[in-house]
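Chains as they are written, first to last, in my numbering: chain W, 24 to 184; chain P, 24 to 184. Comments concern the structure below.
Protein chains: 2
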Amino acid sequence: MVVTDEMVCFSLYAASRATTQLYRTLLDPWGLTYPQYLVLVALWREGEQTVSSLGDLLQLDSGTLSPLLRRMEQSGLVVRSRSSHDERVVTVAIGERGARLRAELAHLPSRVAEAAGVRGGDAESLIRTLQEVTAAMHAAAASAPEPDTTSSDVATGATGR
Amino acid sequence: MVVTDEMVCFSLYAASRATTQLYRTLLDPWGLTYPQYLVLVALWREGEQTVSSLGDLLQLDSGTLSPLLRRMEQSGLVVRSRSSHDERVVTVAIGERGARLRAELAHLPSRVAEAAGVRGGDAESLIRTLQEVTAAMHAAAASAPEPDTTSSDVATGATGR
DNA sequence: TCCAATTCAGTTGTGTGCAATCCTTTTCGA
DNA sequence: TCGAAAAGGATTGCACACAACTGAATTGGA
């Protein structure tokens with residue numbers, strides 16, 4: 024069914040934007056965006072991280088994280104510092120304001136989950152499905168750098184990223 | 024469960040980006056982006072549309088659509104024209120190149136659906152769940168413009184947007 | 001009839017996302 | 001040990017997203 028095929032992706036796209044929209048509304052009083060909030064959650068939960076480990080956790084690359092972290096540092100949410108062991112590595116730690124927000128934003132996740140209207144068990148099964156789709160999409164994008172080519176000359180340095 | 028609460032939204036966000044990524048790979052030979060492809064699908068299926076009806080279909084506003092449609096017109100994908108009945112309204116029709124692409128891109132949806140790894144019935148139930156979540160998020164964002172306000176010392180110029 | 005409110009698309013400003021590239025630092029093999 | 005390759009993050013360029021605003025066209029009510 025052609026329509027169904029398109030709809031999986033579009034529903035995902037629309038749902039993601041609707042979710043970000045709700046977070047925008049809820050985070051606006053603190054001047055936070057959803058990706059910035061995700062960085063804070065990662066730091067609260069996992070502690071100090073390098074830029075690349077943050078990128079692994081959030082599935083974002085340095086082109087997105089670098090300016091995002093710069094803005095977050097300017098507003099006191101995080102602190103960046105070069106590692107002394109390896110001068111290439113930048114460590115991101117929670118900043119003073121970022122630490123204060125932990126308590127203030129503690130009620131957010133349950134509010135959003137409640138708004139989403141998915142109950143406990145359904146939520147877990149939805150999460151599992153979405154993670155499977157994500158993994159499948161990553162695999163497909165990596166294995167199909169070119170659209171058709173008939174013969175696959177994937178060779179050379181056609182790495183996904 | 025706090026972690027589960029966060030995970031619904033993050034999984035959605037990650038899955039949406041992974042999906043867009045696959046579309047980027049597949050559409051790259053034609054120089055199309057995923058939102059541009061969605062506009063073409065809407066026009067192929069529904070025919071000529073106004074900017075606002077396209078916005079309703081794709082859940083995008085004029086701030087996103089205007090520049091997007093301008094680029095699409097420049098590359099011959101669509102044609103824009105002011106309605107003669109109502110000079111405020113701009114009508115978007117398929118362009119010459121956009122019409123040609125219909126056949127060339129006809130195989131895309133099934134390829135993506137296959138890559139996603141969701142079978143027919145599961146796909147429909149996933150779509151339904153995502154649409155419910157989207158509707159719930161929109162409703163929540165609309166009904167909760169302010170988060171709490173009990174204390175709020177947000178003051179100072181820390182506004183993000 | 002006439003003007004205030006609405007509607008519609010476009011513009012502006014900010015913040016992601018991501019490919020491609022750059023520069024520095026580190027690693028590793030000959 | 002020395003230079004090529006790799007790793008890590010930053011920068012550049014482009015295309016969304018979206019809030020807020022602008023300006024033109026239309027509508028509706030007094």
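Think of the CB as a built atom: it goes at the ideal place given N, C-alpha and C, for glycine as much as any other residue. This one's a predicted model, so the numbers in the text were calculated from it and none came from an experiment.
What's the C-alpha gap between residue i and residue j?
i	j	result
T73 (chain W)	E71 (chain P)	50 Å
A45 (chain W)	A164 (chain P)	It is Leu, not Ala, that sits at residue 45 (chain W) in the sequence shown. So the alpha carbons of these two residues sit roughly 5 Å apart.
A122 (chain P)	W67 (chain P)	8 Å
V156 (chain W)	L149 (chain P)	11 Å
S98 (chain W)	V113 (chain W)	18 Å
L91 (chain P)	L81 (chain P)	13 Å
Y36 (chain P)	L49 (chain P)	20 Å
R93 (chain P)	T27 (chain W)	29 Å
S85 (chain P)	S166 (chain W)	36 Å
D51 (chain P)	T43 (chain P)	12 Å
V64 (chain P)	L100 (chain W)	42 Å
S175 (chain W)	R134 (chain P)	Confidence in S175 (chain W) is poor, its pLDDT being 36 and thus under 50, which makes the residue's placement too unreliable to answer from.
D145 (chain W)	A136 (chain W)	11 Å
Q154 (chain W)	P132 (chain P)	20 Å
A129 (chain W)	L61 (chain W)	13 Å
G118 (chain P)	G54 (chain P)	15 Å
L124 (chain P)	S104 (chain W)	50 Å
R47 (chain P)	E29 (chain W)	15 Å
G143 (chain W)	V25 (chain P)	11 Å
A38 (chain P)	A139 (chain P)	10 Å
R151 (chain P)	E127 (chain W)	34 Å
A181 (chain P)	S89 (chain W)	Confidence at A181 (chain P) is low in this model, with a pLDDT of 36, below 50, so its placement is unreliable and the value that follows should be read with caution. The straight-line gap from Cα to Cα measures roughly 20 Å.
Q59 (chain P)	S107 (chain W)	46 Å
T56 (chain P)	M95 (chain P)	10 Å
A162 (chain P)	L83 (chain W)	29 Å
E69 (chain P)	G78 (chain P)	13 Å
D109 (chain P)	V102 (chain W)	54 Å
E147 (chain W)	S34 (chain P)	11 Å
R111 (chain P)	S76 (chain P)	14 Å
T87 (chain P)	T87 (chain W)	20 Å
R120 (chain W)	R120 (chain P)	52 Å
What residues from chain P crowd round residue i, counting only those whose CB sits closer than 7 Å?
i	result
E147 (chain W)	T27
V31 (chain W)	A136, A139, V141, A146, L149 and I150
Q97 (chain W)	Within 7 Å Cβ-Cβ: nothing; Q97 (chain W) doesn't reach chain P, min ~11 Å.
Q72 (chain W)	Here the premise fails: no neighbours, minimum Cβ distance about 16 Å.
Mind pulling the chain W residues with CB within less than 8 Å of residue i?
i	result
A65 (chain P)	Per Cβ cutoff of 8 Å: no residues; A65 (chain P) is ~10 Å from chain W at best.
M160 (chain P)	A38, A41, T42, Q44, L45, A138 and A139
What does residue i touch in chain W if you count any residue whose Cβ is under 7 Å from its own?
i	result
E69 (chain P)	Simply none; closest approach about 12 Å.
E155 (chain P)	G140
S75 (chain P)	Neighbours of S75 (chain P) on chain W: none; closest Cβ ~17 Å, over 7 Å.
Q59 (chain P)	Residues of chain W passing the Cβ test: none, with the nearest at roughly 13 Å.
P90 (chain P)	Simply none; closest approach about 17 Å.
Going along chain P in order, which residues have a C-beta closer than 8 Å to the C-beta of residue i?
i	result
L35 (chain W)	L35, A38, S39, T42 and L153
Please look up how many angstroms separate the CB atoms of residue i and residue j, rounded, as I've assumed it's under 8 Å.
i	j	result
V141 (chain P)	V31 (chain W)	6 Å
M160 (chain P)	A41 (chain W)	4 Å
Along chain P, in chain order, which residues have C-beta atoms closer than 9 Å to that of residue i?
i	result
S133 (chain W)	V25 and D28
field: Within the stretch 73-131 of chain P, ranges of the beta strand (DSSP E) (whole runs, at least 3 residues)
entry: With a minimum length of 3 residues, the continuous beta strand (DSSP E) runs that stay inside the stretch 73-131 of chain P are 101-105 and 113-117.
message: In chain order, what are the residue ranges of uninterrupted alpha helix (DSSP H) at least 4 long that sit wholly in the stretch 133-174 of chain W?
response: Within the stretch 133-174 of chain W, the complete alpha helix (DSSP H) runs of at least 4 residues are 143-166.
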